[in-house]
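Notes for the one structure printed next.
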Amino acid sequence: MSKLMRAMAAGIAALGAATLVQAPAHADGRLDQGRFLVVTSNMHDFVKPFGNRTTDAQMLRFGYQACAALDRNPASTVAATQSLYRQAGNPEWERQQVVFYAAQYLCNRNWDRYKTYP
């Protein structure tokens, strides 16, 4: 096995182990952490917890914090976003979008709150 193949195998194994460690026990449904990272990667830095220095692991942790905020605020997704960002008033739509993506990809139990019914 070449050095490149060994390095790739080790990297994939490390990423898999890190992903398993990051997933909290309270998450439900089909976890799609990769899609969450993709959709949030091109968002403005002010929606990320550490700006442009935010790592994937930190963004996943922040997504699960959004899930917890949704659990604590069952009456309002806006209140969940305000508590997550510690912001008064109406949060920017991009910050609300991060919470929306967390519900869609990380905590399906909250996804129904964003569905519209005829």
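Numbering (mature numbering (1 follows the signal peptide of the UniProt record, and there is no 0)) for the sequence shown: -27 to -1, 1 to 91. Ideal placement from N, C-alpha and C gives every residue a C-beta, glycine not left out.
Worksheet item: Considering residue 56, what are the terminal residues of the alpha helix (DSSP H) in which it resides?
Response: Position 83 of the sequence shown, counting from 1, holds the residue named residue 56. Secondary structure note for residue 56: its alpha helix (DSSP H) is the uninterrupted segment 50 to 58.
Discussion item. Would residue 6 and residue 79 qualify as a contact pair, given that the criterion is a beta-carbon distance under 8 angstroms?
Written reply: By 1-based counting over the sequence shown, the position of residue 6 is 33. By 1-based counting over the sequence shown, the position of residue 79 is 106. Contact flag set, yes.
Fill in: Supposed close pair residue 75, residue 39 - CB separation, criterion 8 angstroms
Here residue 75 corresponds to residue number 102 of the sequence shown, with the count starting at 1. Here residue 39 corresponds to residue number 66 of the sequence shown, with the count starting at 1. At roughly 4 angstroms, the Cβ-Cβ gap stays under 8 angstroms, so residue 75 and residue 39 are in contact.
Worksheet item: Using a Cβ-Cβ cut-off of 6 angstroms (strictly less than) and excluding sequence neighbours within five positions of residue 18, which residues of its own chain qualify?
Response: Locating residue 18 in the sequence shown gives position 45, where the first residue counts as 1. Contacts found: 24, 25.
Worksheet item: Helix, strand or coil for residue 79 per DSSP?
Response: Numbered from 1 along the sequence shown, position 106 holds the residue referred to as residue 79. Note: residue 79 maps to coil in three-state DSSP.
Fill in: Through-space distance from residue 35 to residue 68, alpha-carbon basis
Working through the sequence shown from its first residue, we reach residue 68 at position 95. Working through the sequence shown from its first residue, we reach residue 35 at position 62. In a straight line, the C-alpha of residue 68 is about 12 angstroms away from that of residue 35.
Worksheet item: Taking the continuous alpha helix (DSSP H) assigned at residue 45, which residues delimit it?
Response: Against the sequence shown, residue 45 aligns to sequence position 72. Looking at the DSSP string, the run of the alpha helix (DSSP H) that includes residue 45 is 29 to 45.
Practice prompt. Take the Cβ of residue 54 as the centre, count every other Cβ of all protein chains shown within 10 Å, and call the residue buried at 16 or more, exposed below.
Written response: Here residue 54 is taken as the residue at index 81 of the sequence shown, counted from 1. Result: buried.
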